[in-house]
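Single-structure report; data block below.
In the working numbering, the protein residues as written are 9 to 584.
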């Protein structure tokens, strides 16, 4: 293959895997590769999720080498590298060596593996409660309530459990920033990571009074902020080149050339936004017009995998209670982002399926019929619908109500103590019961998405469509539920399963081309999307009866929140 063509590599570090894709200048994915990563749990504490930068880096290096091998592209043709990762907390010493974060006698030591507190880790609930009691200006930029999934509550937890000497030698990274540091040796941070997850306030920077108030004054370090980074202008927008590109060591590890441009990173949901919102689609045989930068503010990017992120951009900051942001410069210079979210969606769907007593029967049936379990469940639902003589799956399950916050609520009520609920249970452990619970789980995810969109629009956004990517985009029943429940169309880009890693590759191109303005970035996105196949549009199509049932379900869904919160308060008062 000719080395005269230009190529870019995107690396996506998800909850359970590292993925790389090699993209040409037209946005075509030439090769991709995925490797699983490790997650450690604590059998005595369900809140604990830990990972290792050493493990993930080794898998990144393997995926990059594999895409080069699969594509036949010479490393000299790779002009840029971009990273996205989960919003997890990585901890190292000042030489970049991993620092252990596992509670116990070894916490704070160097030389081990487990130095990442994963985004899903909920150990810092008390620390988040303390932070939320301060009334700081910082809270205005996270929807009024800081999530225990963000980095500062986790850092405060580490301070409480580490020897002070160990704590003082720690560097703290949101995970995307760790990988640009690992690649370049340059400690410049990204606006996305620092602003969205680390309490760096747009236009104001680190707030010394806030960190002093919560007991982390030592991080200020006379204004140097060595442990947090991003001081004195060392923070950049998405894709802006970091340092001098790949160091000799990183280039050797990755199989790339020293000096290859590395773009400032993004959290995974935000690269999903980049790889999604510029998409065109075909409706009734007609290709939609290419969108302008301004039109993207009406498009909600929903990145749906293990969890779900809901991202929308605006020219001015919009403050939404219970929704993170507004974050300036998080993706495009001068523009603001809001981020809603559901802590467990794909994970919840899997949990409901695999914990049901009929799961072994379902697996065996899928094996016998050479189908995946989702196909089998949907066929069972269709059979039940026909036997019951009803119009829809929603009518089939109308007397059962499912509330999905098994792992707390991220948006729009920002309450980590919320828990799941099922109302309408019966003595039924059959595979038919599993099929119904499966559909109810999908329905509840869609109902909560409507709640998030209504909260955003009530505060000043004008969302008129959903642009969805991630693993859940393969489930057409769920896609139709989103459209019918929210009452707006869902666009599925052609690259929906690769949208996140495609967005990461765009960061590599932005770095290679030294792009600095929002308009230039949009042109790159538009060009990449234009050169790919158009996506598909899923329009709202619920018959009047089904729409009426979904509206009734939504009313009950909202009432369930109020009831659960009231019951919790009554029990807390009774326990005093």
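In this text, a Cβ means the ideal position worked out from N, Cα and C, and glycines have one as well. Since we're looking at a predicted model, the values are computed, not measured.
Item to complete: Quick one: residues in its chain with C-beta nearer than 6 Å to the C-beta of residue 373, no 5 flanking neighbours on either side, listed in chain order?
Response: Taking the chain shown and counting its residues from 1, the one referred to as residue 373 is at position 365. Around residue 373: 384.
Fill in: residue 76 and residue 513 closer than 9 Å at C-beta
Here residue 76 corresponds to residue number 68 of the chain shown, with the count starting at 1. Here residue 513 corresponds to residue number 505 of the chain shown, with the count starting at 1. No.
Worksheet item: So what does DSSP say about residue 20, is it helix, strand or coil?
Response: Taking the chain shown and counting its residues from 1, the one referred to as residue 20 is at position 12. In this structure, residue 20 counts as strand in the three-state DSSP scheme.
Worksheet item: Quick one: complete alpha helix (DSSP H) runs, 4+ long, within the region 265–321?
Response: The region 265–321 contains these whole alpha helix (DSSP H) runs: 276–282.
Item to complete: Tell whether a beta-carbon distance below 9 Å holds between residue 188 and residue 243.
Response: Translated into the one-based positions of the chain shown, residue 188 becomes position 180. Translated into the one-based positions of the chain shown, residue 243 becomes position 235. No. Outside cutoff.
Practice prompt. Under 8 Å by Cβ, that's how I've got residue 388 and residue 440 pegged, so tell me the actual separation to the nearest angstrom.
Written response: As a first step, residue 388 must be located in the chain shown, where it is residue number 380. As a first step, residue 440 must be located in the chain shown, where it is residue number 432. That belief holds up - the Cβ atoms of residue 388 and residue 440 are roughly 6 Å apart, short of 8 Å.
Item to complete: Pull up the DSSP beta-bridge partners for residue 131, would you.
Response: Position 123 of the chain shown, counted from the start, is the residue given in the question as residue 131. In the DSSP assignment, residue 131 forms no beta bridge with any residue.
Worksheet item: So the beta strand (DSSP E) residue 91 belongs to, where does it begin and stop?
Response: The sequence position of residue 91 within the chain shown is 83, counting from 1. Run containing residue 91: 86–93, per the beta strand (DSSP E) assignment.
Worksheet item: In terms of alpha-carbon separation, which member of 103, 129, 131, 126 lies closest to residue 118?
Response: On the chain shown, residue 118 is found 110 positions in, with the first residue counted as 1. For residue 118, the nearest C-alpha among the options comes from 103.
Discussion item. By the DSSP assignment, the alpha helix (DSSP H) with residue 77 in it spans what residues?
Written reply: For the purposes of this step, residue 77 is taken as residue 69 along the chain shown, with counting starting at 1. Where residue 77 is concerned, the enclosing alpha helix (DSSP H) stretches over 61–79.
Item to complete: For the beta strand (DSSP E) holding residue 345, just list the boundary residues, first then last.
Response: Within the chain shown, residue 345 is the residue found at index 337, counting from 1. Per DSSP, residue 345 is one residue of the beta strand (DSSP E) stretching across 344–350.
Item to complete: Tell me where the beta strand (DSSP E) around residue 418 begins and ends.
Response: Start at 1 with the first residue of the chain shown, and residue 418 comes out as number 410. From DSSP, residue 418 is part of no beta strand (DSSP E); its letter is neither H nor E.
Worksheet item: Using CA coordinates, which residue listed in 515, 164, 560 is at the minimum distance from residue 136?
Response: Reading the chain shown from its first residue, position 128 is the one you call residue 136. Of the listed residues, the one whose Cα sits closest to residue 136 is 164.
Worksheet item: DSSP three-state call for residue 424: helix, strand or coil?
Response: Looking up residue 424 in the chain shown gives position 416. The answer is coil: DSSP assigns residue 424 none of H, G, I, E or B.
Item to complete: Please specify which runs of the beta strand (DSSP E), each continuous and at least 3 residues long, are wholly inside the region 483–546, giving them in chain order.
Response: With a minimum length of 3 residues, the continuous beta strand (DSSP E) runs that stay inside the region 483–546 are 498–500, 543–546.
Worksheet entry | Secondary structure of residue 122, DSSP reduced to three states | Counted from its first residue, the chain shown places residue 122 at position 114. Of the three classes helix, strand and coil, the one that applies to residue 122 here is coil, per DSSP.
Practice prompt. Pick out whichever of 42, 66, 85 has its Cα sitting closest to the Cα of residue 16.
Written response: Residue mapping note: residue 16 aligns to position 8 of the chain shown, counting from 1. Minimum Cα distance to residue 16 is reached at 85.
Item to complete: Please state if the CB of residue 432 and the CB of residue 413 are separated by a distance shorter than 9 Å.
Response: Counting from one through the chain shown, the residue named residue 413 turns up at place 405. Counting from one through the chain shown, the residue named residue 432 turns up at place 424. Cβ atoms of residue 413 and residue 432: not closer than 9 Å.
Practice prompt. Taking 9 Å as the cut-off, decide whether the C-beta atoms of residue 472 and residue 350 are in contact.
Written response: Numbered from 1 along the chain shown, position 464 holds the residue referred to as residue 472. Numbered from 1 along the chain shown, position 342 holds the residue referred to as residue 350. Contact: no.
Practice prompt. Output the residue ranges of the alpha helix (DSSP H) runs that lie fully inside the region 425–476 and measure 4 residues or longer, sorted by chain position.
Written response: Counting only runs of 4 or more, we get 439–467.
Discussion item. I'd like to confirm the pairing. Which residues does DSSP put opposite residue 27 in its beta bridges?
Written reply: What you label residue 27 is simply residue 19 of the chain shown in a count that begins at 1. Looking at the DSSP assignment, residue 27 forms a beta bridge with 20, 42.
Fill in: DSSP-derived helix/strand/coil call for residue 337
Here residue 337 corresponds to residue number 329 of the chain shown, with the count starting at 1. Secondary structure of residue 337 (DSSP, three-state): coil.
Worksheet item: So what does residue 332 bridge to, in DSSP terms?
Response: As a first step, residue 332 must be located in the chain shown, where it is residue number 324. Note: residue 332 sits in a beta bridge opposite 347.
Item to complete: For residue 58, write down the residues that DSSP places opposite it in a beta bridge.
Response: For the purposes of this step, residue 58 is taken as the residue at position 50 of the chain shown. The bridge partners DSSP lists for residue 58 are 48, 125.
Fill in: According to DSSP, residues forming a beta bridge with residue 97
Locating residue 97 in the chain shown gives position 89, counting from the first residue. In the DSSP assignment, the residues bridged to residue 97 are 125, 182.
Item to complete: For my contact list, residue 42 and residue 25 are in at a C-beta cut-off of 8 Å; report their separation, rounded to the angstrom.
Response: Against the chain shown, residue 42 aligns to sequence position 34. Against the chain shown, residue 25 aligns to sequence position 17. Contact between residue 42 and residue 25 is confirmed by a C-beta separation of about 5 Å, below the 8 Å threshold.
Discussion item. Helix, strand or coil, according to DSSP, for residue 224 in the structure here?
Written reply: As a first step, residue 224 is located in the chain shown; it is residue number 216 there, counting from the start. Three-state DSSP puts residue 224 in coil, outside helix and strand.
Worksheet item: In the structure shown, what three-state DSSP assignment does residue 357 receive?
Response: Taking the chain shown and counting its residues from 1, one reaches residue 357 at position 349. In this structure, residue 357 counts as helix in the three-state DSSP scheme.
Item to complete: Would you check if the distance between the CB atom of residue 273 and the CB atom of residue 63 is smaller than 9 Å?
Response: Here residue 273 corresponds to residue number 265 of the chain shown, with the count starting at 1. Here residue 63 corresponds to residue number 55 of the chain shown, with the count starting at 1. Going by C-beta atoms, residue 273 is not nearer than 9 Å to residue 63.
Worksheet item: With distances taken between CB atoms, is the gap from residue 72 to residue 279 smaller than 9 Å?
Response: In the chain shown, counting from the first residue as 1, residue 72 sits at position 64. In the chain shown, counting from the first residue as 1, residue 279 sits at position 271. Contact: no.
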